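Numbering (this note's numbering), first residue to last: 4 to 555. Even glycine gets a Cβ: it sits at the ideal position worked out from N, Cα and C. Values in this document were obtained by computation on a predicted structure and should not be read as measured data.
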């Protein structure tokens with residue numbers, strides 16, 4: 004566009020719907036027309052959303068959903084018993100007697116499939132053994148906490164796009180390390196290996212177990228970074244009136260990944276003793292593809308404005324909006340950043356500065372209750388829970404897959420609800436319902452009615468997916484200016500992963516002590532969060548930052 008054209012376009016009042024004839028014969032819309040008619044989906048915006056969400060969010064979901072299925076293999080494998088024992092085989096009996104120090108009988112049956120026969124755990128070691136058995140998941144969530152907290156520092160030294168690239172590298176390394184144990188355990192495929200193979204392989208089992216933990220830690224680090232870098236990038240490239248809808252695609256693709264990870268892990272696919280490593284690593288192919296495709300995406304226009312790169316920001320907007328008439332949106336971004344504090348804001352100052360205090364505390368509360376409501380007690384441990392309440396064999400797998408399916412359907416529905424009803428109602432109403440569901444779960448788990456427990460679990464997941472799933476990623480992007488947004492989102496994501504770590508470690512421990520009453524703990528957390536957010540969480544849908552800040 005020529006300078007003369009720019010002046011003509013900028014001189015048109017935004018309250019009228021007039022047009023200016025350009026030398027090229029193209030009709031230039033006014034600011035009013037642009038905001039109302041041109042801030043929609045374009046092929047460039049769709050491509051950017053798909054590349055980012057498939058290579059980060061989807062992979063994160065697979066890493067959450069898959070291990071729940073593979074626990075039937077991971078637990079014996081991590082205890083140092085990597086080989087399955089088939090029934091009525093001499094070698095299997097030898098393995099049980101020599102390596103496992105137990106009798107090869109149905110009395111020592113560990114899981115529902117009869118695939119493994121593990122030594123019984125002494126009563127005084129059962130709690131610690133529960134923690135050890137969950138070590139691979141604990142490594143994942145600890146990595147996620149670190150990745151979320153350090154997300155802001157990657158932004159400080161890299162661009163938005165480069166930070167996403169780094170998160171993909173972490174996941175790619177994690178996937179590679181997950182495959183290496185297959186080489187260490189080379190020599191068996193199906194059935195029972197011979198004694199020489201077992202002796203040779205078990206000499207290196209500690210290395211294989213260590214690689215499992217390191218792999219899960221790196222995958223968690225990538226997932227934690229993903230929660231920060233991907234959601235901010237999606238918020239930066241989306242039009243203001245579509246920001247909530249676009250950012251929720253991060254949660255949507257996490258949910259899709261959870262379901263796909265669960266389906267891939269069934270026994271007739273990768274849920275087998277010699278294939279589960281592939282089930283835990285195949286999603287790294289999406290990270291590998293993303294490492295190349297990320298360079299086809301434009302840089303965040305907001306980040307470029309913050310770096311005083313107005314011309315590059317304009318070009319980025321032209322690509323994303325597929326229009327030359329981006330001056331109105333660019334001017335709005337420039338005005339927003341001109342009013343923002345440009346100096347670096349530390350984590351400590353976020354808590355001590357009055358204008359940041361309540362936005363930060365409500366963001367932390369949202370991300371904390373996202374985990375403390377107990378959602379990952381379902382996605383990490385539902386295989387054991389369903390087994391304990393009476394589900395057997397294939398019913399456990401179908402129960403797990405049903406949780407992923409309901410989660411996906413409810414998340415798709417929430418895409419409409421987030422912009423239709425706003426943020427606040429979709430947090431408060433589901434929180435109240437979840438509190439009641441937790442009480443019912445306590446009752447029906449104790450009296451062992453499996454079908455009612457499954458129905459209540461699916462209701463819980465649906466309520467979670469409608470609000471607590473997507474909104475904690477949307478909310479911080481709407482209550483903070485761009486200069487403090489990375490720091491605020493890093494703190495919020497760290498709170499989420501820290502609480503996730505607590506649930507991951509403590510849920511199996513408390514479940515072994517108080518059984519179904521463990522869900523009363525989640526009930527207390529949900530009711531407490533409801534009270535806090537009822538009084539201190541503003542509605543942010545379609546509002547400017549100044550209007551949101553006036554709430555506090």
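In angstroms with no decimal places, state the Cα-to-Cα distance between residue i and residue j.
{"i": "residue 165", "j": "residue 355", "result": "31 Å"}
{"i": "residue 64", "j": "residue 263", "result": "8 Å"}
{"i": "residue 248", "j": "residue 126", "result": "50 Å"}
{"i": "residue 161", "j": "residue 380", "result": "35 Å"}
{"i": "residue 445", "j": "residue 512", "result": "16 Å"}
{"i": "residue 211", "j": "residue 287", "result": "19 Å"}
{"i": "residue 252", "j": "residue 374", "result": "19 Å"}
{"i": "residue 411", "j": "residue 56", "result": "15 Å"}
{"i": "residue 297", "j": "residue 60", "result": "14 Å"}
{"i": "residue 349", "j": "residue 366", "result": "17 Å"}
{"i": "residue 1", "j": "residue 291", "result": "This structure does not reach residue 1, given that the chain is present from 4 up to 555, and the question cannot be answered."}
{"i": "residue 237", "j": "residue 52", "result": "7 Å"}
{"i": "residue 318", "j": "residue 299", "result": "14 Å"}
{"i": "residue 209", "j": "residue 473", "result": "39 Å"}
{"i": "residue 447", "j": "residue 453", "result": "8 Å"}
{"i": "residue 320", "j": "residue 304", "result": "6 Å"}
{"i": "residue 403", "j": "residue 326", "result": "46 Å"}
{"i": "residue 382", "j": "residue 71", "result": "6 Å"}
{"i": "residue 492", "j": "residue 231", "result": "6 Å"}
{"i": "residue 481", "j": "residue 77", "result": "41 Å"}
{"i": "residue 323", "j": "residue 308", "result": "15 Å"}
{"i": "residue 217", "j": "residue 552", "result": "43 Å"}
{"i": "residue 542", "j": "residue 550", "result": "10 Å"}
{"i": "residue 489", "j": "residue 154", "result": "7 Å"}
{"i": "residue 437", "j": "residue 49", "result": "34 Å"}
{"i": "residue 35", "j": "residue 523", "result": "In this predicted model, residue 35 has a pLDDT of only 41, less than 50, meaning its place in the structure is not dependable; the value taken from the coordinates is given anyway. The alpha-carbon atoms of residue 35 and residue 523 are separated by roughly 52 Å."}
{"i": "residue 144", "j": "residue 224", "result": "8 Å"}
{"i": "residue 514", "j": "residue 329", "result": "56 Å"}
Excluding the 5 residues preceding and the 5 following residue i in the sequence, name in chain order all residues of the same chain whose CB lies nearer than 6 Å to its CB.
{"i": "residue 378", "result": "467"}
{"i": "residue 294", "result": "171"}
{"i": "residue 267", "result": "273, 282"}
{"i": "residue 477", "result": "247, 250"}
{"i": "residue 548", "result": "none"}
{"i": "residue 176", "result": "221"}
{"i": "residue 241", "result": "249"}
{"i": "residue 450", "result": "none"}
{"i": "residue 389", "result": "399, 402"}
Please go through the same chain and pick out, in chain order, the residues whose beta-carbon is closer than 8 Å to the beta-carbon of residue i, but skip the five residues on each side of it.
{"i": "residue 415", "result": "255"}
{"i": "residue 182", "result": "280, 281, 284"}
{"i": "residue 432", "result": "470"}
{"i": "residue 461", "result": "405, 406, 409"}
Kindly indicate which three-state DSSP category residue i falls into: helix, strand or coil?
{"i": "residue 80", "result": "helix"}
{"i": "residue 300", "result": "coil"}
{"i": "residue 277", "result": "coil"}
{"i": "residue 453", "result": "helix"}
{"i": "residue 160", "result": "helix"}
{"i": "residue 239", "result": "helix"}
{"i": "residue 353", "result": "helix"}
{"i": "residue 130", "result": "helix"}
{"i": "residue 362", "result": "helix"}
{"i": "residue 540", "result": "coil"}
{"i": "residue 306", "result": "helix"}
{"i": "residue 325", "result": "coil"}
{"i": "residue 272", "result": "coil"}
{"i": "residue 251", "result": "helix"}
{"i": "residue 50", "result": "helix"}
{"i": "residue 286", "result": "coil"}
{"i": "residue 370", "result": "helix"}
{"i": "residue 376", "result": "coil"}
{"i": "residue 460", "result": "helix"}
Could you pull out every residue in the same chain whose Cβ sits closer than 7 Å to the Cβ of residue i, ignoring the five residues on either side in sequence?
{"i": "residue 420", "result": "429, 469"}
{"i": "residue 361", "result": "539, 555"}
{"i": "residue 407", "result": "68, 261, 262, 265"}
{"i": "residue 131", "result": "none"}
{"i": "residue 229", "result": "59, 60, 63, 170"}
{"i": "residue 289", "result": "57, 58, 61, 62"}
{"i": "residue 519", "result": "444, 445, 448, 449"}
Of all the CB atoms in chain D, is at least one closer than 8 Å to the CB of residue i?
{"i": "residue 71", "result": "The structure shown contains no chain D; it is built from a single protein chain."}
Check whether the Cβ of residue i lies closer than 7 Å to any heavy atom of the ligand FAD, and answer yes or no.
{"i": "residue 375", "result": "For the ligand FAD, the structure offers nothing, since it holds no ligand at all."}
Those runs of the alpha helix (DSSP H) which lie wholly inside the segment 379–445 and span at least 4 residues
Counting only runs of 4 or more, we get 397–424.
Enumerate, from N- to C-terminal direction, the unbroken alpha helix (DSSP H) stretches of 4 or more residues contained entirely within the segment 473–552.
Runs found: 474–482, 488–517, 522–539, 548–552.
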